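Its first residue numbered 5, the sequence shown is counted upward by one per residue in my numbering. Below: the structure, in structure tokens.
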Amino acid sequence: MAHDFMPGLAGVPAAKSAISDVDGQRGVLEYRGIRVEDLCANSSFLETSYLLLFGHLPVEQDLSRFVDDVTHHRRIKFKIIDLIKCLPETGHPMDALQAAVAALGMFYPGRNVEDLDNNYWSAVRLIAKVPTIVAAVARMRHGDDHVPPRDHLGFAANFLAMLFDQEPPKVWAHILDVCLILHAEHTMNASTFAGLVTASTLADPYTVVASSIGALKGPLHGGANEEVVQMLREIGRPSRVRAYVDEKLKNKGKLMGFGHRVYKVKDPRAVILQRLCEQLFAEFGPSPLYEIAVELEKVAADYLDAKQIYPNVDFYSGIIYDKMGIDMELFTPIFAVARVAGWLAHWLEQLRENRLFRPEQIYAGEHNRPYVPIDQRR
Ligand code: CMC
Numbered sequence: 005m006a007h008d009f010m011p012g013l014a015g016v017p018a019a020k021s022a023i024s025d026v027d028g029q030r031g032v033l034e035y036r037g038i039r040v041e042d043l044c045a046n047s048s049f050l051e052t053s054y055l056l057l058f059g060h061l062p063v064e065q066d067l068s069r070f071v072d073d074v075t076h077h078r079r080i081k082f083k084i085i086d087l088i089k090c091l092p093e094t095g096h097p098m099d100a101l102q103a104a105v106a107a108l109g110m111f112y113p114g115r116n117v118e119d120l121d122n123n124y125w126s127a128v129r130l131i132a133k134v135p136t137i138v139a140a141v142a143r144m145r146h147g148d149d150h151v152p153p154r155d156h157l158g159f160a161a162n163f164l165a166m167l168f169d170q171e172p173p174k175v176w177a178h179i180l181d182v183c184l185i186l187h188a189e190h191t192m193n194a195s196t197f198a199g200l201v202t203a204s205t206l207a208d209p210y211t212v213v214a215s216s217i218g219a220l221k222g223p224l225h226g227g228a229n230e231e232v233v234q235m236l237r238e239i240g241r242p243s244r245v246r247a248y249v250d251e252k253l254k255n256k257g258k259l260m261g262f263g264h265r266v267y268k269v270k271d272p273r274a275v276i277l278q279r280l281c282e283q284l285f286a287e288f289g290p291s292p293l294y295e296i297a298v299e300l301e302k303v304a305a306d307y308l309d310a311k312q313i314y315p316n317v318d319f320y321s322g323i324i325y326d327k328m329g330i331d332m333e334l335f336t337p338i339f340a341v342a343r344v345a346g347w348l349a350h351w352l353e354q355l356r357e358n359r360l361f362r363p364e365q366i367y368a369g370e371h372n373r374p375y376v377p378i379d380q381r382r
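Okay, structure coming up:
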């Protein structure tokens with residue numbers, strides 16, 4: 005049967021899913037039918053993770069059990085710490101994260117994906133341990149010791165405490181928790197799709213998440229948050245924005261943190277992240293990067309409004325992390341800390357009605373070529 009080829013599978017449904025939905029024309033994002041704005045205002049990252057994984061908001065007792073389970077699985081084995089120690093400090097933390105998550109699969113049972121109880125514990129372990137791995141990578145690449153998790157702290161506060169070896173201001177923990185909610189899930193994006201393809205082979209969940217981490221790393225996907233801050237630093241001050249945009253677009257370059265396959269309006273996550281920037285800077289002083297970003301959004305509108313290209317989730321997030329003193333190279337790993345919840349929700353959904361992903365290709369090569377012996381080749 006002949007099929008139209010859609011580069012990037014644009015517009016081609018790859019799965020039926022009840023996990024999240026995007027209305028790209030109206031700028032609406034829902035997790036399990038609940039608007040992301042409502043979740044940011046009322047929920048926590050762990051409650052939102054529960055919602056994504058199990059399809060409904062937990063009653064108090066279930067939430068408390070889930071939070072306890074995650075809290076008690078935050079520690080990582082010393083062999084994982086040793087493994088991270090052996091990796092080059094010059095390597096990107098996303099690569100270290102991918103290696104460490106793949107290694108987790110050697111310590112914990114995961115191959116029997118029909119064991120639903122074990123699947124629960126795999127999900128708990130991954131949500132719990134990925135932040136600990138990211139913090140360990142962050143510290144050890146600067147020659148500092150790994151800081152173990154602190155059980156009395158919530159998810160986001162503990163992550164910041166593991167990074168900085170001191171408890172963060174409450175506002176930082178709250179803002180980071182909202183950032184994690186915003187990054188937890190986003191329909192059939194590239195990393196989720198990569199994970200689904202791996203899941204469809206019935207591989208263990210550690211391998212599934214390692215596949216997704218690989219796809220998230222690229223600058224067209226999660227890697228864009230790091231590139232945005234790099235771009236803002238390169239611009240240097242608001243007065244240079246117009247010249248930068250002019251030059252970039254004249255040469256057919258892309259502004260990082262702008263554009264989206266689905267949104268034809270400003271990404272609702274960017275709207276919330278911008279508000280979080282303002283909340284953070286009101287209390288902790290201004291950020292020169294934010295001033296450049298606001299000017300960039302204004303100037304870019306003159307060029308890109310007509311193409312319906314607006315800031316996406318990656319535009320303002322890095323500015324928040326930068327203000328907290330987090331290294332640029334950790335921005336995408338922090339995206340992964342949150343997105344693990346969405347990846348795992350899709351993994352569980354895929355297993356319920358699994359069919360191996362095995363698409364077709366349109367062959368565009370030759371046929372019937374002779375094998376030429378090496379001494380006769382030119
Ligand atoms: N700056 C300038 N022009 C752009 C941009 C941009 N950021 N994004 C798209 N365009 C233009 C592009 O040049 C092309 O123009 P023309 O039709 O004249 O050749 C047109 O818009 C379509 O671009 P495309 O790359 O074919 O669109 P796509 O739907 O395949 O790409 C995208 C979506 C996100 C890859 C793209 O917008 C992009 O590269 N953005 C910059 C990287 C970025 O911010 N990525 C994060 C994505 S959202 C969160 C996430 O997934 O992590």
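Glycine included, C-beta positions come from ideal geometry on N, C-alpha and C. Here the structure is a predicted model, which is why all the values come from computation and not from measurement.
In this structure, the ligand CMC has a non-hydrogen atom nearer than 7 Å to the beta-carbon of Val317.
At the C-beta level, Ile324 and Ile137 stay beyond 8 Å of one another. The DSSP-derived three-state label of Tyr35 is strand. Within the DSSP secondary-structure output, Val26 pairs in a beta bridge with Leu33. Per DSSP, Phe70 has no beta bridge partner at all. Counting the other Cβ atoms within 10 Å of the Cβ of Leu352 gives 16 or more, which makes it buried.
For Leu224, the shortest separation between its Cβ and any heavy atom of the ligand CMC lies below 7 Å.
Put simply, of Met110, Glu64, Leu55 and Met166 the residue whose alpha carbon is nearest the alpha carbon of Lys83 is Met110. Assigned with DSSP and collapsed to three states, Pro97 falls in helix. Between Ile80 and the set Lys133, Asp73, Pro92 and Leu57, the nearest pair of CA atoms involves Lys133. Closer than 7 Å to some heavy atom of the ligand CMC: that describes the Cβ of His264. In this structure the region 241-250 touches the region 291-308; the number of beta carbon pairs closer than 8 Å is three or more.
Classified as buried, Ala160 has 16 or more neighbouring CB atoms from the shown chains inside 10 Å of its CB.
Annotation for Phe319: the continuous alpha helix (DSSP H) segment containing it runs Asp318 to Lys327.
In this structure, the alpha-carbon of Ser24 lies about 24 Å from that of Arg69. Rounded to the nearest angstrom, the Cβ distance from Leu55 to Arg36 is 5 Å, consistent with a contact under 8 Å. By the Cβ neighbour-count rule, Val63 is exposed, with fewer than 16 other Cβ atoms within 10 Å of its own. For the ligand CMC, no non-hydrogen atom lies closer than 7 Å to the CB of Met10.
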